[in-house]
Amino acid sequence: MRSVTIVGASLAGMRAAETLRREGFDGTVTVVGDETEAPYDRPPLSKQVLAGEWEPERISLYDSEALADLRLEWRLGGRAVGFDAALRSVTLTDGERLAADGVVIATGARTRTLRGTEDLAGVYTLRTLADSLAIRSEFEATPQRIVVVGAGFIGAEVAATARGRGLEVTMVEMAETPLERVLGSQIGQVCAEVHADHGVDLRLGVGVDSITGTDRVEQVVLSDGTRLDADVVVVGVGVIPNTEWLEGSGLQIDNGVACDETCLAAPGVVAAGDVARWPNRLFGQSMRVEHWDNAIEQGMAAAKRLLAGEGAEPFAPVPWFWSDQYDRKIQLAGRSGPDDEVVVVTGSLEERRFAAVYGRAGRIVAVLGFNRPRHVMQYRRLIARGASWDEALEFARSQP
Amino acid sequence: MTYRIVVDFDLCESNAICMQVAPEVFEVRDDDFLYILDETPGEDQRAKVDEAVQRCPKQAISVAED
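If you read the sequences in order, they're chains A and B. Numbering of the first sequence is given in our numbering, commencing with residue 1 and proceeding in unit increments. Numbering of the second sequence is given in our numbering, commencing with residue 401 and proceeding in unit increments.
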């Protein structure tokens, strides 16, 4: 293998580039990215950057020296618009074709928007540095009322940051409790209480009918007829994997790029990060994971896969992420669902400092912590070795 | 050549990823603080330490070459 094209210059793509070099790959590595900024880290976008505590320089993934050491060929500010998997040839916006021996697909995902609101000023989604800075300058213009649509992790962090800036926040969520489909209603209820404690006006079990305004947003109209006055609206209703450029490429697209157990999508073609779907042997299910840590781990695994040729290891991690909201650090490892059995193994829901494990079909499948990082990692280890539900509960009982 | 683990405790938020990647070197205890078990681990730990550096959500870990 003498040349590799990496499509996507964010975390997964960059960790893949770094891993290629670390593993001794000496050929050409070309990185395609649609943003013009040098690669940066996204988690602070809804936290420190939005809060005005950090300036953009602070979230660079690499200093210029470290970046130079990687010896990359750059194609920034353009986009991949086509791909031929058999030729491993990527077509860019300006018509350039990049053919290589290996390709890493790491084009990530983009935010879902509310139909009809794309051109209305004051309505935002949050994914990029540009998004974060735009919302931040709105926050600094001392608006009166912020409406957050969606009480998922991004919405919750934006609400927490806005409250930290002293702004009035209403959060609208379609489900009866926040994060119900991920964490179940009991834990979702705890999340709701944390927001209420911090003065967020939470409207649950209600959708958004429309967002109105002439030049800029004025009101958010809810499905129960309520009209919320709004100066700024932030919509956090999930993401869509960026796979349109792969249509007709010969790759299978199924809510993400379909890969085998080793992140291989076609000979010489791997995928990593938010865009990749693969069967995770540990959980016996196909998954696409939108977490920061997975972008790193899968970026590394995909790069190694490309170099390994035959006999590569399956990629079978326990997905993990964190979310900082107010003074709580929420961490989830594994794959929880609304119908799992949930047992609090340390602390209590009342003090909002606890760890809870999730069990399904005789196995421990997830652990959730509120300010309990140590416990999350302990149980994550059990999940990683496929421990049974009884074993997990036995372990919990054995702890002081 | 030896190396030394440096943690910026102002940045560290005890996510405990380092403990998961390199449990011989890092430990987050019940008080939720990170403890470095071995400040100068051997070369056999180097790959794990490098991975812990990369995967720290706060980029709080670095390695000093002595």
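Every residue, glycine too, gets a C-beta built ideally from N, C-alpha and C.
Given residue i as reference, the closest of the options once Cα atoms are compared
i	options	result
threonine 113/A	Trp74/A, Val148/A, Thr170/A	Val148/A
alanine 109/A	Thr214/A, Ala9/A, Val103/A	Ala9/A
aspartate 84/A	Glu55/A, Gly248/A, Val237/A	Gly248/A
serine 207/A	Gly236/A, Trp389/A, Gly250/A	Looking at the sequence itself, residue 207/A is glycine, so the reference to serine does not match. When only C-alpha atoms are compared, the closest one is Gly236/A.
arginine 455/B	His291/A, Glu73/A, Glu193/A	His291/A
alanine 51/A	Ser132/A, Trp74/A, Val90/A	Ser132/A
valine 357/A	Met300/A, Ile187/A, Arg216/A, Ala265/A	Ile187/A
alanine 316/A	Val233/A, Trp278/A, Ser348/A, Arg42/A	Trp278/A
aspartate 41/A	Trp54/A, Val190/A, Val29/A	Trp54/A
valine 49/A	Ser137/A, Ile240/A, Arg97/A, Ile211/A	Ser137/A
tyrosine 435/B	Val425/B, Glu443/B, Pro441/B	Val425/B
Interface residues of chain D facing residue i [CB-CB closer than 7 Å]
i	result
arginine 429/B	Protein chains A and B are contained in the structure displayed, whereas chain D is not.
Separation of residue j from residue i, as counted between CA atoms
i	j	result
glutamate 451/B	valine 421/B	7 Å
threonine 142/A	aspartate 209/A	26 Å
alanine 384/A	threonine 117/A	43 Å
glycine 362/A	glycine 337/A	14 Å
arginine 21/A	proline 44/A	27 Å
leucine 204/A	serine 286/A	31 Å
arginine 75/A	alanine 99/A	14 Å
alanine 312/A	arginine 305/A	6 Å
histidine 195/A	cysteine 418/B	30 Å
glutamate 427/B	valine 4/A	38 Å
Contacts around residue i, its chain only, beta-carbon distance under 6 Å, and the 5 residues preceding and following it disregarded
i	result
aspartate 410/B	none
arginine 227/A	Gln219, Val221
glycine 13/A	Ile6, Ala106
serine 185/A	Thr177
phenylalanine 139/A	Arg165
phenylalanine 283/A	Arg335
Residues that residue i bridges to, as DSSP identifies them
i	result
alanine 156/A	Answer is none; alanine 156/A lacks a bridge partner.
tryptophan 320/A	Ala333/A
threonine 226/A	Per DSSP, none; premise fails for threonine 226/A.
proline 279/A	Ser286/A
valine 172/A	Val149/A, Arg203/A
tryptophan 54/A	For tryptophan 54/A, which the question treats as bridged, DSSP gives no partner whatsoever.
glycine 359/A	Glu341/A, Ile364/A
threonine 212/A	Gln219/A
glutamate 73/A	Thr30/A
glutamine 325/A	Arg328/A
Whole-Å CB distance - residue i paired with residue j, under 8 Å assumed
i	j	result
valine 174/A	leucine 202/A	In the sequence as presented, valine is not what sits at residue 174/A; that position holds methionine. The Cβ separation is near 12 Å, so there is no contact.
valine 376/A	alanine 416/B	7 Å
valine 233/A	glycine 122/A	6 Å
Close Cβ partners of residue i (< 7 Å) along its chain, the five nearest in sequence each way excluded
i	result
valine 200/A	Ala159, Arg163, Val169, Met171
alanine 460/B	Val407, Asp408, Leu411, Cys412
valine 182/A	Ser336
glycine 150/A	Glu173, Val235, Gly236, Val237
Contacts around residue i, its chain only, beta-carbon distance under 8 Å, and the 5 residues preceding and following it disregarded
i	result
glycine 77/A	Gly33, Asp34, Glu35, Thr36
valine 318/A	Leu282, Ala333, Gly334, Arg380, Ile383, Ala384
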